[in-house]
Structures are given as C-alpha cells and as structure tokens.
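Residue numbers (my numbering), protein chains in the order written: chain A, 1 to 105; chain B, 1 to 105.
All C-beta atoms in this analysis are idealised placements derived from N, C-alpha and C, irrespective of residue type, glycine included.
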DNA sequence: TGACTGTATGTCAAATGTGACATACGCTTC
DNA sequence: GAAGCGTATGTCACATTTGACATACAGTCA
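Written out as structure tokens, the structure is:
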C-alpha cells in the first residue's frame, strides 16, 4: 500500500493491534477500509459537483456538518450504513453505489 | 412492490411510520432495504454453496449462529457494515460485493 | 417416540455509532 | 488584522448494533 494512503488511514483514526510502526491490516480489513474511502471520495465528489457546502448536505441528511466532514474523511466513527444511506438520499442510485464499491482502488 | 417482498420486510422487523396497512417507505429507504436483502441472499448463497452451517460461518466471523441467521434474514438489527465485513471475510472480493449491491432487484 | 442437527427469534449488557456542540484551521475580503 | 465562510476535529449524551444466550421450530434418523 502506498504511503499517502496509509497516512490518510492513520489520521482518519484507524488503529492497529500490534506494536509495529506500520498499519498492519488483514486483507479483509484493508478491503473494507478502501471500500469506505471510495464511498467517502464519491460523497465529496457529489457534493462538490453540486456546489453544496457540508452544512447544506447535513441539512438534507438530517445530520450535522461535522458528521458530513467525518464521512468525507472516512473517519473510523462513521458506518457504512450512514454513507450508503447518505448517497441514496443525495440521489445516487443503488447501482451507482454498487459501481463505486466495486471499482478497483 | 410485490406482496412476498413486503411480507418478508415486515417479518424482518421493518417498521412503518404511518397507520396504513402497507409498508410506506420512501424511495431511498426502499432502495436501502432491497440492497440489504440482496446482500443477505448472497450471504446465504455463499454459505450454502460451501456447505457450511450457520454456526460454522459464525465461528469464522467471530460471531454467533443467531447473528448469522439475522444477517441472512436481513433483520433490521444488522448493519451493512457487518454484512459487508462478513462477505469479505468469507472470501468475497470487493468488486463482487459491489456487483451484488448494484444488481437490479 | 425421542434424540439430534440446523435454523429462527427474543432478550440483554456491552460495544459502537449518532447528531450536536464547541472550537480550531485555512482562506478570502475588506 | 478582523470578520466571515467553509471545513476539520474533539467530546459527549443518547441511540443503535453487537455477540451471546435461551429457547422455539423443523427436519431426519433410529
């Protein structure tokens, strides 16, 4: 995994169980995290494309600016449920969500 | 929506806010629930295909038989996170997960 | 019939996720 | 440099999800 991505994960609050200085994720954990990163990027893309602020998106979702920021950062405290529901509410189709998830990193 | 699917949702614990006798879901809620149903079906398919019992799958996941049963039933108490993580642990690729999610109902 | 295996369903304490808030940061404009 | 706007980050009370357990249900075999 490239360094930039690792740093991004680290700063997003992903923890590692061992004492090494590298993020040591199992293949499944890595796949899950990358999947979340893809959704996070897409969420931001949709927002920027529509020229919305995070606060405006939050209002649409019935959430808060800070949570939207965390979603876009793929913060460890946000669930896949929240991200997928958010995309659907913002008008993204189920099949498009699937495409985003399937897309190779 | 066809009746069989509605019954399945109802018995899976999905609630409806109004007093009508039909499940009244917004388009986004419906898409989300169907997405979960697709994952639930796929989860069972993987298990059956490999001739595993729910208990065996539970052990692999570090979970319990009852939770696996709930996953396969797309119970309202199970998260997308749990379902997706489970599929990944069972060896399903990220892109295959995407395909399952994207697949039209 | 009873024993056994596998699945479904209800409950619960503990773990995790939530919106909201405060506040920090970065940038632009005056 | 102060004010304004948008985004990031830490915290918290409250809500939801979790594995585990008990138990019910369905099928098979002897």
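8 angstroms is my cut-off, CB to CB: does residue i come that close to chain A?
i                    : result
residue 58 (chain B) : no
residue 28 (chain B) : yes
residue 85 (chain B) : yes
residue 74 (chain B) : no
residue 64 (chain B) : no
residue 88 (chain B) : yes
residue 41 (chain B) : no
residue 94 (chain B) : yes
residue 99 (chain B) : yes
residue 35 (chain B) : yes
Would you kindly work out how many angstroms separate the C-alpha atoms of residue i and residue j, rounded to a whole number?
i                     : j                    : result
residue 6 (chain A)   : residue 71 (chain A) : 18 angstroms
residue 89 (chain B)  : residue 58 (chain A) : 33 angstroms
residue 92 (chain A)  : residue 38 (chain B) : 18 angstroms
residue 62 (chain A)  : residue 74 (chain A) : 19 angstroms
residue 51 (chain B)  : residue 8 (chain B)  : 24 angstroms
residue 66 (chain B)  : residue 99 (chain A) : 31 angstroms
residue 56 (chain A)  : residue 54 (chain B) : 44 angstroms
residue 28 (chain B)  : residue 29 (chain A) : 28 angstroms
residue 34 (chain A)  : residue 87 (chain A) : 17 angstroms
residue 76 (chain A)  : residue 32 (chain A) : 11 angstroms
residue 49 (chain A)  : residue 64 (chain A) : 20 angstroms
residue 69 (chain B)  : residue 46 (chain A) : 36 angstroms
residue 36 (chain B)  : residue 26 (chain A) : 25 angstroms
residue 103 (chain B) : residue 60 (chain B) : 27 angstroms
Kindly indicate the opening and closing residues of the alpha helix (DSSP H) around residue i.
i                    : result
residue 37 (chain B) : 27 to 49
residue 58 (chain B) : 54 to 61
residue 66 (chain A) : 65 to 72
residue 92 (chain A) : Segment: none, residue 92 (chain A) is in no alpha helix (DSSP H) and carries neither H nor E.
Output yes or no for whether 8 angstroms exceeds the beta carbon distance between residue i and residue j.
i                    : j                     : result
residue 84 (chain A) : residue 97 (chain A)  : yes
residue 94 (chain A) : residue 101 (chain B) : yes
residue 80 (chain A) : residue 81 (chain B)  : yes
Strictly under 8 angstroms for the Cβ-Cβ distance: is residue i near chain B by that measure?
i                    : result
residue 31 (chain A) : yes
residue 68 (chain A) : no
residue 79 (chain A) : yes
residue 46 (chain A) : no
Quick one: is the Cβ of residue i within less than 7 angstroms of any heavy atom of the ligand SAH?
i                     : result
residue 103 (chain A) : In the structure shown, the ligand SAH is absent, as is every other ligand, since no ligand is present at all.
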